Amino acid sequence: MTHPLITRKHIGDYQRDGVVLVKGLFKDQVEQLREGVARNMSEPGPYAAENLKEGEGGRFFDDYCNWTRIPEFEAAINASPAAAVAAELMGSQTVQMFHDHVLVKEPGTSKPTPWHQDSPYYFVEGEQTVSFWSPLDPVRQASLRCVAGSHRWEKPVLPTRWLAETSFYPNDDDYMQVPDPDAEGMDIREYEMEPGDAVAFNYRTLHGARGNAAGTRRRAFSLRLLGDDARYVERPGPTSPPFPGHDMTAGQRLRTDWFPMLLDAAS
């Protein structure tokens with residue numbers, strides 16, 4: 002028996018393609034999340050960034066790791082069926098919180114979000130991971146774009162800094178160069194979405210997003226969750242998010258006082 006929002010096909014597609022659309026995942030939390038985004042933008046956290054160079058039009062704001070200080074985020078995460086849906090998509094008995102991420106592209110922001118995989122930026126690895134990207138405004142032209150099957154690539158994609166466009170770590174040879182999925186004819190999944198719908202994708206899935214040429218804002222809330230096999234890994238430099246002072250060692254499950262369990266079917 003699957004959760005009412007998904008079917009066995011969703012689960013199979015997620016395992017095969019690394020991406021699937023879940024309609025209405027946060028539909029009952031849209032207003033709450035909008036309030037949280039407004040609070041986040043008026044009270045940015047230490048990791049908040051403006052991702053446009055001088056002369057580029059619009060505004061591209063992002064910030065992460067704010068769910069413990071923005072009550073609207075914490076309440077929406079706990080009230081939503083995200084953990085239950087994540088468990089089924091991942092095939093996991095447990096669902097552990099990793100972090101939240103807010104991305105806002107104002108009208109006239111032509112800059113796209115660069116193609117990237119999330120996994121190389123993180124200090125956690127595993128087959129059982131899921132990120133939910135949920136727009137809080139109707140999405141027609143500024144959608145998230147995911148390359149189906151890229152979570153199975155043998156080599157990770159080189160992580161770069163979005164604004165400086167420089168390599169994130171010193172060991173470029175350990176990564177493949179960022180491909181051009183459009184030019185290379187890759188299987189790109191992109192969806193028209195209503196507020197509260199969510200794209201679910203694996204941390205290793207290559208993804209990016211279009212600029213916002215629409216006349217309306219594009220606010221998005223992302224939730225990153227972990228399953229049974231996710232473990233802490235050492236990276237060759239500071240990760241994003243960094244979580245300074247975590248005191249974890251390679252191979253360890255993430256500490257539950259910082260990254261709480263949202264669901265544990267075995268308990």
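Each residue of the sequence shown is one higher than the last, beginning at 2 in this note's numbering.
All residues carry an ideal CB built from backbone N, CA and C; glycine is no exception.
Just so we're clear, the structure is a prediction, and the values are computed from it rather than from any experiment.
> For Tyr123, which residues of its own chain have a beta-carbon under 7 Å away from its beta-carbon, when the five flanking residues on both sides are left out?
Replying inline: Tyr204, Thr240
> Expressed to the nearest angstrom, what Euclidean distance is found between the alpha-carbon atoms of Pro171 and Gln94?
Replying inline: 36 Å
> What separation, rounded to the nearest whole angstrom, lies between the Cα atoms of Asn213 and Cys66?
Replying inline: 24 Å
> Between which two residues does the beta strand (DSSP E) carrying Asp29 extend?
Replying inline: Where Asp29 is concerned, there is no enclosing beta strand (DSSP E), given that its DSSP letter is neither H nor E.
> Anyone know if the C-beta pair for Ala231 and Ala87 falls short of 9 Å?
Replying inline: no
> Where does Pro5 fall in DSSP's three states?
Replying inline: coil
>> Can you check which of these residues, Gly37, Pro113, Glu51, Lys156, is closest to Asp101 by C-alpha distance?
In response: Cα-wise, what sits closest to Asp101 is Gly37.
> Going by DSSP, which residues form a beta bridge with Ser168?
Replying inline: Thr161
> Span of the beta strand (DSSP E) holding Ile78?
Replying inline: Looking at the DSSP string, Ile78 is not in any beta strand (DSSP E); the run it does join, the alpha helix (DSSP H), is 72-80.
> Would you call the CB atoms of Gln178 and Val158 closer than 9 Å?
Replying inline: yes
>> Using the Cβ count rule (16 or more neighbours within 10 Å means buried), how would you classify Pro139?
In response: exposed
> Does the beta-carbon of Gly197 have 16 or more other beta-carbons within 10 angstroms, so that it is buried, or is it exposed?
Replying inline: With 16 or more other Cβ atoms within 10 Å, it is buried.
> Using the C-alpha atoms, what's the distance from Ala251 back to Leu224?
Replying inline: 24 Å
>> Do Gly209 and Thr114 have their beta-carbon atoms positioned less than 9 Å apart in this structure?
In response: yes
> Got a sec? Which residues, its chain only, sit under 6 Å from Lys24 by beta carbon, not counting five neighbours each side?
Replying inline: Asp198
> For Met194, does the three-state DSSP call read helix, strand or coil?
Replying inline: strand
>> Quick test of the definition: if touching needs 3 or more C-beta pairs under 8 Å, does the region 48-65 touch the region 161-168?
In response: Yes, the region 48-65 is in contact with the region 161-168.
>> Let me check one thing: in DSSP terms, what residues is Lys106 bridge-paired to?
In response: Bridge partners of Lys106: Phe61, Arg219.
> When DSSP labels each residue in this structure, what does Asn213 get in the three-state scheme?
Replying inline: strand
>> Let me check one thing: in DSSP terms, what residues is Phe99 bridge-paired to?
In response: DSSP, once it has assigned bridges, lists no residue as partnering Phe99.
>> Going by C-alpha to C-alpha distance, which of Arg70, Gly150, Met262 sits closest to Gly46?
In response: Looking at the Cα atoms, Arg70 is the closest of the given residues.
>> Between Phe222, Gly92, Glu44, which has its C-alpha nearest Arg17's C-alpha?
In response: Gly92
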